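Undergrad: Numbering (the UniProt record's numbering), first residue to last: 1 to 194. Once you've had a glance at the structure underneath, I'll fire off some questions.
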């Protein structure tokens, strides 16, 4: 059954002669999996001219998942680092997105506790020890009608749906490229808001 309206983060596309999901995905710079996930009721082997499908907006090139951070670094990755350090029992000072001397001291103490090189520089090994999967691409910005949420230990789509008064299906639609059975601490997903 073709969609009547496309969800946030996607645009409607009308099938033309010769279209295939593979060709559409390539032409719009998206993965075939993302296109399939955005069109769960559409049989890609039975497309017809005039049929409307939903195309996810292409994602910008990914920024580093685990950027190297040191004294002087600023921004969201530093805030994430500070929260992870705090959650692990190390005091980075205020969670303000500024990598200062207190954050550096917390990083060094954390590195010592994990047997890592105690240089106060956060690279892939330190991120990994903090529980971040450095192979996962970062999320895109969340579309209107949703808000960004950083996955914490124990989170599931089900408990997030309850906490944010939405449904598991709505969270799935807002995150077509996220595997709900493989959520990763530090991963950012989009939660629908009412």
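A virtual CB, placed ideally from N, CA and C, is assigned to each residue, including glycine. Fair warning: this is a prediction, and the values are worked out from it, not measured in the lab.
Using a 10 Å radius around the Cβ and a threshold of 16 neighbouring Cβ atoms, would you call residue 173 buried or exposed?
TA: It is buried - the Cβ of residue 173 has at least 16 other Cβ atoms within 10 Å.
Undergrad: Kindly provide the ranges of any alpha helix (DSSP H) runs that are 4 or more residues long and lie completely inside the stretch 34-103, ordered along the chain.
TA: Segments of the alpha helix (DSSP H) lying fully in the stretch 34-103: 76-87.
Undergrad: If you draw a straight line from the C-alpha of residue 183 to the C-alpha of residue 11, how long is it?
TA: Cα to Cα, the separation comes out at about 26 Å.
Undergrad: Quick test of the definition: if touching needs 3 or more C-beta pairs under 8 Å, does the stretch 74-90 touch the stretch 40-50?
TA: The answer is no - the stretch 40-50 does not touch the stretch 74-90, with fewer than three Cβ pairs under 8 Å.
Undergrad: On the DSSP bridge list, what partners appear for residue 192?
TA: Its beta-bridge partners are 146.
Undergrad: How close, in whole Å, do the beta carbons of residue 122 and residue 68 come, if the pair is a contact with beta carbons under 8 Å?
TA: Indeed, because the Cβ distance is near 7 Å, the residues count as touching under 8 Å.
Undergrad: Under DSSP, the beta strand (DSSP E) around residue 13 begins and ends at which residues?
TA: From DSSP, the beta strand (DSSP E) with residue 13 extends over 10-14.
Undergrad: Would the stretch 71-84 and the stretch 96-106 be scored as touching if the rule is three or more Cβ pairs under 8 Å?
TA: Contact holds: three or more Cβ-Cβ distances are below 8 Å.
Undergrad: Can you tell which of 159, 48, 107 and 169 has its C-alpha closest to the C-alpha of residue 19?
TA: Nearest C-alpha to residue 19: 48.
Undergrad: Are the beta-carbon atoms of residue 56 and residue 15 separated by less than 7 Å?
TA: Cβ distance not < 7 Å, so residue 56 and residue 15 don't count as in contact.
Undergrad: Thinking C-alpha only, which one of 9, 27, 17 and 66 is nearest residue 39?
TA: Ranking 9, 27, 17 and 66 by Cα distance to residue 39 puts 9 first.
Undergrad: Classify residue 117: buried if its beta carbon has 16 or more other beta carbons within 10 angstroms, exposed otherwise.
TA: By the neighbour-count rule (16 or more Cβ atoms within 10 Å), residue 117 is not buried but exposed.
Undergrad: In the DSSP assignment, what are the bridge partners of residue 122?
TA: Answer by DSSP bridge pairing, in chain order: 69.
Undergrad: So residue 162 and residue 186 are in contact, right, with Cβ under 8 Å, and what is the actual spacing, rounded?
TA: At roughly 22 Å, the Cβ-Cβ gap does not stay under 8 Å, so residue 162 and residue 186 are not in contact.
Undergrad: Compare the C-alpha of residue 227 against each of 5, 135, 180 and 148 and name the closest.
TA: In this structure the chain extends from 1 to 194, so residue 227 is not present and cannot be described.
Undergrad: Helix, strand or coil for residue 106 per DSSP?
TA: Residue 106: helix per DSSP, three-state reduction.
Undergrad: Does residue 184 come out as helix, strand or coil in the three-state DSSP assignment?
TA: Residue 184: coil per DSSP, three-state reduction.
Undergrad: Going by DSSP, what residue range makes up the alpha helix (DSSP H) through residue 160?
TA: Residues 157-163.
Undergrad: Apart from the five residues just before and just after residue 177, which ones in its own chain have a Cβ nearer than 6 Å to its Cβ?
TA: Around residue 177: 34.
Undergrad: Among 5, 165, 127 and 135, which residue has its Cα nearest to the Cα of residue 70?
TA: Cα-wise, what sits closest to residue 70 is 127.
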